[in-house]
Amino acid sequence: MTMTAEHFEALVRKCEAHAKRDSEGYARRMTLLALAGYAYVWLVLVGLGGTIALLVWSLRFHRATYRVLALAAPFVLLFLVVLRALRVPFKHPDGVRVRRADAPELFALIDRLVCELRTPCLHRVLLTEDRNAAAQTPLLGPLGWYRNYLLLGLAEMQALSPEEFQAVVAHELGHLSRQHGRRGAWIYRIRATWMRLEMMIELQGRWGRWLFDWFVKRWGPYFNAYSFVLVREREYEADRYAGSVAGKEAFARALGTTYVMGEFLSRCFWPDVYRAAHEKPEPPCDVFAALARAVAAGSEPDDVRRWLETALRRPTGLDDTHPALADRLAALGIAAHAAEPRRTSGPTAAQHYLGARLESLAAALDRAWRKRVAGHWDQRHRRAAGGRTRLRELTAVAADGDVEVAWERAQIVLDLDGEEAALPLLHDVVARVPDHAPASWALGQVLADRDDESAIVHLERAMVCNVLARPTGHEMIATLLETLRRHAEAVTHRRRAWDAGELLYRAAAEVATSGS
């Protein structure tokens, strides 16, 4: 059920060529593949059900009832496993609901774009913490009756201009037009069904796997590749919608701002917010007001330039259905420099489209965020208090030269005081014990965050000792190499990450099989 990265990449390239050569034929083949996957599952289900019925019927002619029941038990178990896998749950999106009366300017924009793009009417508009998205969820599962949602990330609304935000909303609504959403939800459902089914079947051992192995080995790679290309092509098409409605230049700036904003949130803003748990027992009440102030102040120009350059150098890979930034710009016929974020003196998208309700909506999002992180925040606060006490104890005995004491101290300092304070302590542990895998891993992560090439040596050393770290480690090295403009080496490490993940999957399957 697995394949190498090179094999999958070659298959994806073949599918991309087919899609460009004959888009209608490609869509038909994708539909047939999807139907074949569903049909096989139902065929197995009917076969198992028939076998169970036959065994139950045979009870009329057998005195050894317990033997018949013992024979039927595995079939019943497998029948229930397959039936459960077919019930793929669709979670309705979370967020603060924005009503028409709350934001008339926003709904005027949505109404206009829905009309222009021929999009199904939206059932709800939700304000979320960071990213924008459009989603469809079927209320009746495989029978459909879809609900359409538009998710608007407050963080991005605070960073985008009204014109850039229009382009982003057009992109998201583009996913709902021309059946993008329904087909995407259908493809997602089939993928999720087979993922759940494979996981459950592996736990049944060889007895259950033989029913699916032959089919999946032949069907699975083609379905994964075809659906991968289909979803990626939908991204390009949604980009074209955004460019046609709001202008290619505005959408290019929105893309660049979104990439930079993602880096700012993950590297700067949220780490600082959660670090406050070390001193404060409860989460802040105004985190989104603080975010608005941070966005208004802007990131360091050098950071913005470095983050954008890294995003522009990153190639389109097989680990994400979204195309890389450079490829998205090229498909629109826009130069790379057009993606550079532009600071304006006018109102942000949040101010323009949410108006007087911005403060109350942000407060509602604050309350939802506080409720969601309360448990995690309390754990961090308690751990920090214990860490301070333990650090004082370790400092008193650090002179004895015990490496494990030094490593524990480095861990606590890294958790409480951050990378800058922990860096010399991590270097000290690795210098004393070069094969100390946990310390090498931690040091490699810290150095990779700083775009330091020496991180590669430490990450590779840690991966030698810990095979479970290899998929993530190779991904980290690939990202670092892309930042350093060593693209060929980055591709090699991404393939190694894929292959390592597949190897771990096969190993887990063998363990499950032998354990059964």
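Note that numbering that gives the first Met the number 0 numbers the sequence shown so that position 163 is 162, with each residue one more than the last.
For every residue, glycine included, the Cβ atom is placed at its ideal position computed from N, Cα and C.
### Task
Can you give me the start and stop residues for the alpha helix (DSSP H) that residue 12 sits inside?
The residue given as residue 12 occupies position 13 in the sequence shown. From DSSP, the alpha helix (DSSP H) with residue 12 extends over 4-20.
### Task
Return the chain-ordered list of same chain residues with a C-beta closer than 8 Å to the C-beta of residue 125, the five sequence neighbours on each side being excluded.
Against the sequence shown, residue 125 aligns to sequence position 126. For residue 125, where only same-chain residues beyond five positions count, the Cβ hits under 8 Å are 92, 93, 94, 95, 96, 97, 148, 149, 150, 151.
### Query
Nearest to residue 50 by alpha carbon, out of 25, 73, 499, 320?
What you label residue 50 is simply residue 51 of the sequence shown in a count that begins at 1. The residue with the shortest Cα to Cα distance from residue 50 is 73.
### Task
Under 8 Å Cβ to Cβ from residue 78, same chain only, skipping five residues before and after it: list those, please.
Counting from 1 along the sequence shown, the entry for residue 78 is found at position 79. Excluding residues up to 5 positions away in sequence, 44, 47, 48, 51 lie with their Cβ nearer than 8 Å to the Cβ of residue 78 in the same chain.
### Query
In its own chain, which residues sit with a C-beta less than 7 Å from the C-beta of residue 64, not counting the 5 before and 5 after it?
Against the sequence shown, residue 64 aligns to sequence position 65. Correct list, in chain order: 58.
### Query
Which residues bound the beta strand (DSSP E) around residue 96?
On the sequence shown, position 97 is the one that residue 96 refers to. Taken as a continuous stretch (DSSP letters only), the beta strand (DSSP E) holding residue 96 covers 95-97.
### Message
Under 8 Å: do the stretch 230-241 and the stretch 157-164 share three or more Cβ pairs, one atom per stretch?
### Response
The stretch 230-241 makes no contact with the stretch 157-164, as fewer than three CB pairs between them are under 8 Å.
### Message
Just to confirm the assignment, what range does the beta strand (DSSP E) spanning residue 343 have?
### Response
Residue 343 sits at position 344 when you count from the first residue of the sequence shown. That residue, residue 343, is in no beta strand (DSSP E); it is neither H nor E in DSSP.
### Query
What did DSSP end up calling residue 502 once you bin it into helix, strand or coil?
Stepping through the sequence shown from its first residue, residue 502 is reached at position 503. Correct three-state label for residue 502: helix.
### Task
Please go through the same chain and pick out, in chain order, the residues whose beta-carbon is closer than 7 Å to the beta-carbon of residue 131, but skip the five residues on each side of it.
In the sequence shown, the residue the question calls residue 131 occupies position 132. Excluding residues within five positions, the ones whose Cβ falls inside 7 Å are 150, 151, 152, 155, 167, 171.
### Query
In angstroms, rounded to a whole number, what distance separates the CA positions of residue 381 and residue 256?
In the sequence shown, the residue the question calls residue 381 occupies position 382. In the sequence shown, the residue the question calls residue 256 occupies position 257. For residue 381 and residue 256, the distance between alpha carbons rounds to 37 Å.
### Query
Are the stretch 212-228 and the stretch 8-18 touching by the rule of at least three beta carbon pairs closer than 8 Å?
yes
### Query
Which of helix, strand or coil does DSSP assign to residue 296?
Start at 1 with the first residue of the sequence shown, and residue 296 comes out as number 297. Residue 296 falls in the helix class under three-state DSSP.
### Query
Using DSSP with H/G/I as helix, E/B as strand and the rest coil, what is residue 142?
Walking along the sequence shown from the start, residue 142 turns up at place 143. Since pLDDT at residue 142 reaches only 49, below the 50 mark, its modelled position is unreliable, and no value is offered.
### Task
Apply the 10 Å Cβ neighbour rule to residue 378 and answer buried if 16 or more other Cβ atoms are within range, or exposed otherwise.
Position 379 of the sequence shown, counted from the first residue, corresponds to residue 378. By the 16-neighbour rule on beta-carbons within 10 angstroms, residue 378 is exposed.
### Task
Return yes when the Cβ of residue 294 is within less than 8 Å of the Cβ of residue 158, no when it is not.
By 1-based counting over the sequence shown, the position of residue 158 is 159. By 1-based counting over the sequence shown, the position of residue 294 is 295. Closer than 8 Å, so yes.
### Message
Assuming contact is defined by CB atoms lying nearer than 8 Å, are residue 349 and residue 335 in contact in what I supplied?
### Response
In the sequence shown, the residue the question calls residue 349 occupies position 350. In the sequence shown, the residue the question calls residue 335 occupies position 336. Going by C-beta atoms, residue 349 is not nearer than 8 Å to residue 335.
### Task
Give me the Cα-Cα distance between residue 189 and residue 83, rounded to the nearest whole angstrom.
Locating residue 189 in the sequence shown gives position 190, where the first residue counts as 1. Locating residue 83 in the sequence shown gives position 84, where the first residue counts as 1. One C-alpha to the other measures close to 13 Å.
### Message
Counting C-beta neighbours from all protein chains within 10 Å, is the total for residue 388 16 or more, i.e. buried, or is it exposed?
### Response
As a position in the sequence shown, residue 388 is number 389, starting the count at 1. Classification of residue 388: exposed, given that the 10 Å Cβ count is below 16.
### Message
For residue 328, count the other beta carbons within 10 Å of its own beta carbon; 16 or more makes it buried, fewer makes it exposed. Which is it?
### Response
As a first step, residue 328 must be located in the sequence shown, where it is residue number 329. By the 10 Å Cβ count, residue 328 comes out buried.
### Query
Is residue 32 near residue 258, with beta carbons less than 8 Å apart?
To locate residue 32, count along the sequence shown from 1; it is residue 33. To locate residue 258, count along the sequence shown from 1; it is residue 259. In this structure, residue 258 does not lie closer than 8 Å to residue 32 by Cβ.
### Contacts around residue 476, its chain only, beta-carbon distance under 7 Å, and the 5 residues preceding and following it disregarded
If you number the sequence shown from 1, residue 476 lands on position 477. 455, 458, 492.
#### Entry: Closest by C-alpha distance to residue 229, when choosing among 474, 76, 24
Against the sequence shown, residue 229 aligns to sequence position 230. It is 24.
### Message
Extract the residue ranges of the alpha helix (DSSP H) inside the stretch 227-276, only unbroken runs of 4 or more that lie entirely within it.
### Response
247-263, 269-274
### Query
To which residues of the same chain is residue 448 closer than 7 Å at the C-beta, ignoring the five residues directly before and after it?
Looking up residue 448 in the sequence shown gives position 449. Contacts found: 418.
### Message
Tell me the rounded alpha-carbon separation between residue 247 and residue 4.
### Response
In the sequence shown, counting from the first residue as 1, residue 247 sits at position 248. In the sequence shown, counting from the first residue as 1, residue 4 sits at position 5. Distance between the alpha carbons of residue 247 and residue 4: 34 Å.
### Message
What would DSSP say about residue 33, mapped onto helix, strand or coil?
### Response
What you label residue 33 is simply residue 34 of the sequence shown in a count that begins at 1. Under the three-state reduction of DSSP, residue 33 is assigned to helix.
### Query
Which two residues bound the contiguous beta strand (DSSP E) that contains residue 124?
As a first step, residue 124 must be located in the sequence shown, where it is residue number 125. Residues 123-127.
### Query
Do the CB positions of residue 499 and residue 470 come within less than 8 Å of each other?
Position 500 of the sequence shown holds residue 499. Position 471 of the sequence shown holds residue 470. Yes.
### Message
According to DSSP, is residue 150 part of a helix, a strand, or is it coil?
### Response
Taking the first residue of the sequence shown as 1, we reach residue 150 at position 151. Strand, per DSSP.
### Message
Looking at the secondary structure, which residues open and close the alpha helix (DSSP H) in which residue 437 lies?
### Response
Along the sequence shown, read from residue 1 onward, the residue named residue 437 stands at position 438. Residue 437 -> alpha helix (DSSP H) spans 436-448.
### Task
Take residue 243 as the anchor and find which of 273, 115, 278, 296 has the nearest alpha-carbon.
Residue numbering aside, residue 243 sits at position 244 when the sequence shown is read from its first letter. Here the closest residue by C-alpha is 115.
### Range covered by the alpha helix (DSSP H) that runs through residue 109
Numbered from its first residue, the sequence shown carries residue 109 at position 110. First-last of the alpha helix (DSSP H) with residue 109: 103-116.
### Task
Run the CB neighbour count on residue 425, radius 10 Å, all protein chains shown included, and call it buried at 16 or more, exposed below.
In the sequence shown, the residue the question calls residue 425 occupies position 426. Flag for residue 425 reads buried.
### Query
Based on Cα-Cα distance, which residue from 427, 318, 375 lies nearest to residue 490?
By one-based count along the sequence shown, residue 490 stands at place 491. Measuring from the Cα of residue 490, the nearest candidate turns out to be 318.
### Message
Measuring alpha carbon to alpha carbon, tell me which residue in 407, 292, 99 is nearest residue 356.
### Response
By 1-based counting over the sequence shown, the position of residue 356 is 357. Nearest of 407, 292, 99 to residue 356, Cα basis: 99.
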